[in-house]
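Student: Here it is, the structure, as structure tokens.
Protein chains: 2
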Amino acid sequence: MADRVFEELDEYQCLTLIPPTGVGRIAYLSRFGPAVLPINYTVHRGAVVFRTGEHGPLDEDLGTAVAGGEGSLALEIDEVSAGARDGWSVLIHGPARRLTPGEEEDTLRYTRVEPWAPGERELFIRIVPARITGRRVSPRSA
Amino acid sequence: MADRVFEELDEYQCLTLIPPTGVGRIAYLSRFGPAVLPINYTVHRGAVVFRTGEHGPLDEDLGTAVAGGEGSLALEIDEVSAGARDGWSVLIHGPARRLTPGEEEDTLRYTRVEPWAPGERELFIRIVPARITGRRVSPRSA
């Protein structure tokens, strides 16, 4: 018998687990296949906002994925223990778009969302969660 | 001027940074769009091996992505500082396939690769790196 228990999380449990600010991983389809990048996100006005510098093909493809509309990218947030034997993982899908300059200012005024990878040309991206799924792995109680 | 420096990493730098065993995030295209899941990986005989339980549509889609052949999934490994202002991220693309039962035994004999999410039906997956890219963000020296 496995010594750990797998559990699917509902949307409410997922929202409770996600810290208001933290590190997430953004996934999208690049020209080389699926791509993942770490980003700093913040929850602001019911949406998830992140910011990243533009540096190469991967970042260009991220911009293209955002322009591609709903379903073209996903944000994953997790917390996995040091031994990596338990923890939780939440996956957020939803329409994503670039912030307008006014919204960028507004976001910066009310939150601190720093780019993990700074760059001259920055992308501010907002995802409105439409589908939130999650999973948790815990030690089995005796 | 930004207080941090962005740098692209070459394949050698990437291979030096990746720990031989650790937590990575696997990305693939699911029926809901891109999906990401944390996994425990191990480097074994020049390839990256991971193991995960099968639980729902996401895991089924991972199996389908593997069957889809090269370019259908990617593994990301990173180390981001607590303040999430610096660190590195490596992205591995390459042909992926399920291990045969003999290879599973062999992998288990020589390495410890534990599934992050255990399950009755487990997938053992092997990715042979074909394209390795990476990025690092460091504090700018004075």
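Protein chains in written order, with the working numbering: chain E, -11 to 130; chain D, -11 to 130. Even for Gly, the Cβ is constructed at its ideal location relative to N, Cα and C.
1. What residues are listed by DSSP as bridge partners for F20 (chain E)?
2. List, from N- to C-terminal side, the beta strand (DSSP E) runs of 3 residues or more that fit wholly inside the stretch 71 to 99 of chain E.
3. Counting only the same chain and skipping the five closest in sequence on each side, list residues whose C-beta sits under 7 Å from that of P26 (chain D).
4. Compare the C-beta of P26 (chain E) against all C-beta atoms of chain D and say whether one is closer than 8 Å.
5. Of all the residues that make up the stretch 97 to 113 of chain E, which are near chain D by a beta-carbon distance shorter than 8 Å?
6. Give the residues from the stretch 59 to 71 of chain D that approach chain E closer than 7 Å (Cβ to any Cβ), ordered along the chain.
7. Give the straight-line distance between the Cα atoms of E48 (chain E) and R39 (chain E), rounded to the nearest whole angstrom.
8. Does V54 (chain D) come out as helix, strand or coil in the three-state DSSP assignment?
9. Between T88 (chain E) and T30 (chain E), which are expected to be in contact by the criterion C-beta below 8 Å, what is the C-beta distance as a whole number of angstroms?
10. Would you be able to state if there are at least three C-beta pairs under 8 Å between the stretch 67 to 82 of chain E and the stretch -3 to 7 of chain E?
11. Under the rule that 16 or more other beta-carbon atoms within 10 Å means buried, what is G122 (chain E), buried or exposed?
12. Looking at the unbroken beta strand (DSSP E) that takes in E67 (chain E), where does it start and where does it end?
13. Are G107 (chain D) and E42 (chain D) closer than 8 Å when you measure CB to CB?
14. Note down, in chain order, every chain D residue with its Cβ under 8 Å from the Cβ of Y16 (chain E).
15. I'd like to know if G122 (chain E) contacts chain D, where contact means its C-beta is closer than 8 Å to some C-beta of that chain.
16. So L63 (chain D) packs on V37 (chain D), CB below 8 Å; how close in whole Å?
17. Can you find the residues in the same chain that come closer than 7 Å, C-beta to C-beta, to R73 (chain E), ignoring five residues on each side of it along the sequence?
18. Can you tell me whether P22 (chain D) is buried or exposed? The criterion is at least 16 other CB atoms within 10 Å of its CB, across all chains shown.
19. Under a CB-based cut-off of 8 Å, is V78 (chain E) close to chain D?
20. Using a threshold of 8 Å, state whether the C-beta atoms of I120 (chain D) and A84 (chain D) are closer than that.
21. Which chain E residues are close to G41 (chain D), counting only those with a beta carbon under 7 Å from its beta carbon?
22. Taking the alpha carbon of R109 (chain D) as the point to measure from, which residue in D:R86, D:R97, D:G75, D:E67 has its own alpha carbon closest?
Tutor: Walking through what the data contain:
1. Walking along the first sequence from the start, residue 20 (chain E) turns up at place 32. Beta-bridge pairing links F20 (chain E) to no other residue.
2. 75 to 81, 84 to 86
3. Within the second sequence, numbered from 1, the residue matching residue 26 (chain D) stands at position 38. Within the same chain, P26 (chain D) has close Cβ partners V11, R13, W104.
4. Sequence index remark: in the first sequence, residue 26 (chain E) carries index 38 (1-based). Yes - at least one Cβ of chain D is within 8 Å of the one on P26 (chain E).
5. E102, W104, A105, P106, G107
6. G59, S60, L61, A62, E64, D66, V68
7. Here residue 48 (chain E) is taken as the residue at index 60 of the first sequence, counted from 1. Here residue 39 (chain E) is taken as the residue at index 51 of the first sequence, counted from 1. When rounded, the distance between both Cα atoms is 14 Å.
8. The count along the second sequence starts at 1 and reaches residue 54 (chain D) at position 66. In the structure shown, V54 (chain D) sits in a helix (DSSP, three-state: H, G or I).
9. Counting from 1 along the first sequence, the entry for residue 88 (chain E) is found at position 100. Counting from 1 along the first sequence, the entry for residue 30 (chain E) is found at position 42. About 17 Å separates the two Cβ atoms, so there is no contact after all.
10. yes
11. If you number the first sequence from 1, residue 122 (chain E) lands on position 134. G122 (chain E) is buried by the Cβ-count criterion.
12. Reading the first sequence from its first residue, position 79 is the one you call residue 67 (chain E). Per DSSP, E67 (chain E) belongs to the beta strand (DSSP E) from 61 to 68.
13. The residue labelled residue 107 (chain D) in the question sits at position 119 within the second sequence. The residue labelled residue 42 (chain D) in the question sits at position 54 within the second sequence. Yes, they are a contact pair.
14. By 1-based counting over the first sequence, the position of residue 16 (chain E) is 28. By Cβ distance, chain D contributes P22.
15. Residue 122 (chain E) sits at position 134 when you count from the first residue of the first sequence. Not one chain D Cβ lies under 8 Å of G122 (chain E).
16. Position 75 of the second sequence, counted from the start, is the residue given in the question as residue 63 (chain D). Position 49 of the second sequence, counted from the start, is the residue given in the question as residue 37 (chain D). Going by Cβ atoms, the distance from L63 (chain D) to V37 (chain D) rounds to 10 Å, so no, they are not a contact pair.
17. In the first sequence, counting from the first residue as 1, residue 73 (chain E) sits at position 85. Counting only Cβ-Cβ distances below 7 Å, and skipping sequence neighbours, we find R(-8).
18. Residue numbering aside, residue 22 (chain D) sits at position 34 when the second sequence is read from its first letter. Buried is the call here.
19. Counting from 1 along the first sequence, the entry for residue 78 (chain E) is found at position 90. No, because no Cβ of chain D sits closer than 8 Å to the Cβ of V78 (chain E).
20. For the purposes of this step, residue 120 (chain D) is identified with residue 132 of the second sequence, where counting begins at 1. For the purposes of this step, residue 84 (chain D) is identified with residue 96 of the second sequence, where counting begins at 1. No, the Cβ-Cβ distance between I120 (chain D) and A84 (chain D) is not below 8 Å.
21. Locating residue 41 (chain D) in the second sequence gives position 53, counting from the first residue. Chain E residues near G41 (chain D): F(-6).
22. What you label residue 109 (chain D) is simply residue 121 of the second sequence in a count that begins at 1. The candidate whose alpha carbon is nearest that of R109 (chain D) is D:R86.
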